[in-house]
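Engineer:
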Amino acid sequence: QNLTGQAACTQCPFGQFQAERGQTSCDRCATGGYCDDTEKLGGGFAPCRAGTYNEEEGSSSSDDCQSCPRGTFSPTTGANSSHTCRSCRAGTFGASPGQSECKDCPAGRYQNDTGATACRDCEAGSYCPVGASAPLPCPAGTHINPSLLVMTSKDDCITCPAGTFCPTGSEDAIDCAPGTFTAIAGRSICEKCPAGEYQDEAGMMACKACEQGCYCPEGAAAALPCEGGSYSSATDNDEQGDCTPAGAGFFAVTGSTEQKPCAKGSYTDASMPVKDSCTLCVGGTYQDSTGATSCRDCEAGHYCQKGAAAALPCKKGTFSNATDLADASECTDTSPGHFATTGSTQQTPCAKGSYTNAPKQGECTLCAGGTYQDESGETACKPCEAGSYCAVGAAAPLPCEAGSYSSATHLAAASECTDATPGHFANTGSTQQTPCAKGSYT
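Mapped onto our numbering, the consecutive letters of the sequence shown carry residue numbers 5 to 446.
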């Protein structure tokens, strides 16, 4: 007090305080707190607790301290301004006013905003640990656990098995596509099959060795066949260049494991860039061996159709000395008076005692009995001569024997000659009998 001669000191009134001894007056209570009964408070200043503030001077009760609103907090004791109330950060919340600190969102919930008064349920397909500011996707190599309603940790995510992959946030494991694989679990991407291997199925843990007659580039979903004209028996080819070109005299169809010799009647040569099939011998040539690089000229007396494996003889009644015939119709027909046996290079005149009167004959006809032919290459036979007989195929008339005769020109045997009668005689080849002369008889 500021009076002299006092028996006792006067207490500071509510809203004022004095922290020092021997003072003559009290001070007005400052902002950031309050001043209650000095006996109760010991004459001191009581700061507002953390989570509250007081912007007014002369406050006499803790009720004068204002609480920070919901969704905010203040860690400061004795705060004298509302600006000390700070918004709860993402991942936390303030459900009640007057909080000195915000609480972390519990596992299974999150909050992505600041100044929140509550947390949100974690989203399906994600997990939310304590204090999550956002739903977190399952990490690469894992996928969500459909058996859990709420996931609270990445440990709740399921590891993708081998043969599958899982990008970040996967709902389920995804099978590796054909041409790819994963050998171990927990992969975020699948690996391509290495060169020389392939995989034609999905969800596989390894690739297959390439097949014979094929090649497999990196990432192959199927073994690719060696192109026509090439072949291979290897199982690790990775490009077409690994397939071996077929050699002359051989061919290889698409996907061949070995080259094959050209069949008879066909060939390949070194000038052919792609030997995926053999070329047939052209008409007028042939080839009677396998694995040939060229064809042979046809033979005289023969013809060779396209693709011939042998020279075929001209039919009987035809002939040729050419070596380039492609069809039987190109063989030459024999002319009348001539014949040709099968495969003849030239026609042959009919022998004496025979004839042909038509073209395209394979043999000559013998002269009939009672006729003959004494020249070759003729088209008809001659009547036999009087005093003679002509057997079948006769090349000349034969005279009736002595003692017989005939004036006919169609006798076919000696027995057809007429015997001379008694009193007559006939010399060899006689056309009539002669009477015996005077002084003789028979």
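Built from N, CA and C at the ideal position, the CB exists for glycine as well.
Given that a residue counts as buried once 16 or more other Cβ atoms are within 10 Å of its Cβ, and exposed if not, what is D273?
Structural biologist: D273 comes out exposed.
Engineer: Would C299 pass as a contact of Y290 if the rule is Cβ separation under 8 Å?
Structural biologist: Contact flag set, yes.
Engineer: Starting from the Cα of E215, find the closest Cα among M209, G145, Y235 and P150 and give me that residue.
Structural biologist: Comparing Cα-Cα distances from E215 to each of M209, G145, Y235 and P150, the minimum goes to Y235.
Engineer: Pop quiz: E420 and Y393 are said to be a contact at Cβ under 8 Å. What is the actual Cβ separation, rounded to whole angstroms?
Structural biologist: Going by Cβ atoms, the distance from E420 to Y393 rounds to 6 Å, so yes, they are a contact pair.
Engineer: Would G200 and D242 qualify as a contact pair, given that the criterion is a beta-carbon distance under 8 Å?
Structural biologist: A contact, by the Cβ cut-off of 8 Å.
Engineer: Leaving aside the five residues before and after S460 along the sequence, list all residues of the same chain whose C-beta is less than 7 Å from its C-beta, in chain order.
Structural biologist: One cannot answer for residue 460 here, as it falls past the ends of the chain, which runs 5 to 446.
Engineer: Answer yes or no: do A116 and A83 have a C-beta to C-beta separation smaller than 8 Å?
Structural biologist: What sits at residue 116 in the sequence shown is Asn, not Ala. No, the pair does not count as a contact, with Cβ atoms beyond the cut-off.
Engineer: Does DSSP put G245 in a helix, a strand or coil?
Structural biologist: The answer is helix: DSSP assigns G245 an H, G or I state.
Engineer: If contacts are defined as beta-carbon pairs under 8 Å, then E382 and G341 qualify, I think. What distance do you get, rounded to the angstrom?
Structural biologist: Going by Cβ atoms, the distance from E382 to G341 rounds to 5 Å, so yes, they are a contact pair.
Engineer: Assign C16 to buried or exposed, taking buried as 16 or more other Cβ atoms, counted over all protein chains shown, within 10 Å of its Cβ.
Structural biologist: It counts as buried.
Engineer: When DSSP labels each residue in this structure, what does E262 get in the three-state scheme?
Structural biologist: It is coil, neither helix nor strand.
Engineer: Between S395 and A416, is the Cβ-Cβ spacing less than 8 Å?
Structural biologist: It is worth fixing the name first, because residue 395 is Ala in this sequence and not Ser. Cβ distance < 8 Å, so A395 and A416 count as in contact.
Engineer: Report the rounded CA-to-CA distance for G134 versus C218, giving the unit in angstroms.
Structural biologist: Note on residue identity: the sequence assigns Val, not Gly, to residue 134. Between V134 and C218, the C-alpha separation is close to 57 Å.
Engineer: Identify, in the order they occur along the chain, each residue of the same chain with its Cβ nearer than 8 Å to the Cβ of R113, setting aside the five sequence neighbours on each side.
Structural biologist: For R113, where only same-chain residues beyond five positions count, the Cβ hits under 8 Å are C123, R124, D125, C126, C132 and A136.
Engineer: What does a CB cutoff of less than 8 Å around M209 pick up in its chain, not counting 5 residues either side in sequence?
Structural biologist: Closer than 8 Å at Cβ, skipping near neighbours: A166, G167, F185, T186 and A187.
Engineer: Give a yes or no on contact between the segment 273 to 284 and the segment 317 to 332, applying the rule of three or more CB pairs nearer than 8 Å.
Structural biologist: Verdict: no, contact absent.
Engineer: Which ranges does the alpha helix (DSSP H) cover as unbroken runs of at least 4 residues, wholly within the segment 396 to 435, from first to last along the chain?
Structural biologist: DSSP runs (the alpha helix (DSSP H)) wholly in the segment 396 to 435: none.
Engineer: Under 8 Å, do T349 and F343 count as touching if we go by C-beta distance?
Structural biologist: Result no, Cβ atoms of T349 and F343 do not sit closer than 8 Å.
Engineer: What is the C-beta distance between A430 and A424, in whole angstroms, given that I count them as a contact (C-beta under 8 Å)?
Structural biologist: Between A424 and A430 the Cβ distance is about 4 Å, and since that is below 8 Å, they are a contact.
Engineer: Please return the same chain residues whose Cβ sits closer than 7 Å to the Cβ of E175, not counting the five positions on each side in sequence.
Structural biologist: Excluding residues within five positions, the ones whose Cβ falls inside 7 Å are G129, H147 and I148.
Engineer: Going by CA-CA distance only, name the one from C266, Q244 and A313 that's closest to G251.
Structural biologist: When each option's Cα is compared against that of G251, the closest is C266.
Engineer: Taking only three categories from DSSP, how would you classify C16?
Structural biologist: Correct three-state label for C16: coil.
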